[in-house]
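All you need for our numbering is the position in the sequence shown, starting with 1, plus 9. Since the structure comes first, as structure tokens, the remarks are kept for the end.
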Amino acid sequence: MQMRNVDPLDGVTLGFVGAGNMAEALIRGLLRNTSIVPGSILVNNRGNAARLVGLKDRYGIVPEESKDVLCARADLLVLAVKPADIDVCTTQLEPYVRRDHLILSVLAGVRLAALAARLPRGRRIVRAMPNTSATVGAGITAITYPSDTDEDIRALVDAIFAAVGEVVSVAEDMIDVVTGLSGSGPAYIYLVAEALAEAGRKLGLSREIALRLAIETIAGAGAMMKSGVEPSSLRRQVTSAGGTTEAGLAILQDRGLSAMMEAAVDSASKRSRELADLCRTERSEVNTAGSLY
Ligand SMILES: NC(=O)c1ccc[n+]([C@@H]2O[C@H](COP(=O)([O-])OP(=O)(O)OC[C@H]3O[C@@H](n4cnc5c(N)ncnc54)[C@H](OP(=O)(O)O)[C@@H]3O)[C@@H](O)[C@H]2O)c1
């Protein structure tokens, strides 16, 4: 059977509601890595006109100050405001949302039910949890599709996030764990880089050289792991009996690195769940107590 090579983004107009860091990461990735053209990307924010002009200058996208016009022209709405702004934003959007809009939320800590309650006309809502590495096209996004989502929608949303990195699909009750792992994870690795560099500095290297060694070591190890070999195999390959790596690893294992990582992911996941609980299906209980990003 001949397979048709259909581009899921062909003919789709995207409307970004929120024009901050995550919106820009997605816009950059989409224009670099997909067939979408700048004229098919409309961008709206709260009122920072200079920001919209900057995005237009950099990417050629279409600034759209009116949510009415944005909704009328877009097939797919990308919600990219801060979680604390969800009530105001959805109140403004709600009159213009159509049943056939696909709504894609990247808001951390806002469940599908909370979105559906705020946008009752929205029949197709998908939730995604990208991470900050999307900024350099090396992110990983976990996507939660309602169970009745058809294949075309899945292909479309997957294609959007594949433009900024890898994509996985998870049940919504796992999104908090994802947040604790890949959402907050880049910061854990930055801390490891800081600690490695500081160790080198204390042992006599210049700060600059120590930091370069730490950063390139982590980036190189990342590239090795992306080659498809399991981290545990790679670790065994570079650990000779009685050698230097074994001596260093013994300290990390004896002092409980794995237990520390487990506790960190668990703690961040719990915090994510607590913040999501504040954003119930009713309005006005949105995250004001903390922020995931
Ligand atoms: N950044 C990340 O690495 C990351 C990772 C995963 C998930 N997320 C999620 O992505 C979302 C956006 O984060 P961000 O870092 O991109 O935030 P950001 O840089 O602070 O941008 C927020 C944007 O929302 C706009 N906005 C606020 N109220 C609005 C309204 N009523 N209508 C339209 N636009 C409105 C702001 O406009 P003005 O500038 O005009 O105020 C601004 O453009 C958050 O929900 C966050 O949880 C972010």
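We treat Cβ as the ideally placed atom computed from N, Cα and C, and that holds for glycine.
Proximity of residue i and residue j at Cβ, strictly below 7 Å
i	j	result
L51	G24	yes
I184	V166	no
V97	C288	no
V173	G148	yes
S44	D16	yes
A28	R60	yes
L111	K76	no
D84	T22	yes
T254	V247	yes
M303	L243	This structure does not reach residue 303, given that the chain is present from 10 up to 302, and the question cannot be answered.
V106	G131	yes
T303	V176	The structure shown does not extend to residue 303, since the chain is modelled only from 10 through 302, so no value can be given for it.
L79	N53	yes
T99	R55	no
A168	L18	yes
G209	A219	yes
V274	G213	no
DSSP beta-bridge partners of residue i
i	result
G24	L51, L86
T153	R136
Residue of the options minimising C-alpha distance to residue i
i	options	result
I227	G251, Y199, A277	Y199
P155	V135, A171, N140, T141	V135
A285	D263, V186, A202, L243	V186
N30	Q262, I260, V115	V115
V46	A58, S242, E175, G20	G20
S142	L220, S191, S75	S191
V87	E160, S236, R133, D159	R133
A137	A272, S178, Q262	S178
N42	G146, N54, E74, N57	G146
E181	V274, D159, S278, P104	S278
E271	A202, A58, Y197	Y197
A4	D109, P104, A123	There is simply no residue 4 to check, as the chain begins at 10 and stops at 302 in what is shown.
P104	A164, A206, A81, I260	A81
E74	A250, D66, V62	V62
E225	L212, A206, L40	A206
N140	A117, P129, I162, A125	A117
R108	L121, A125, I95	A125
R245	S236, R37, L258, K211	L258
I162	L113, R67, E217, S215	L113
inquiry  = What ranges does the alpha helix (DSSP H) occupy inside the region 72-148, keeping only unbroken runs of at least 4 residues that lie completely in it?
reply    = Complete alpha helix (DSSP H) runs here, min 4: 76-82, 95-102, 121-127.
query = Which whole runs of the alpha helix (DSSP H) in the region 166-237 are 4 residues long or more, in chain order?
reply = Runs of the alpha helix (DSSP H) inside the region 166-237: 184-187, 194-211, 216-235.
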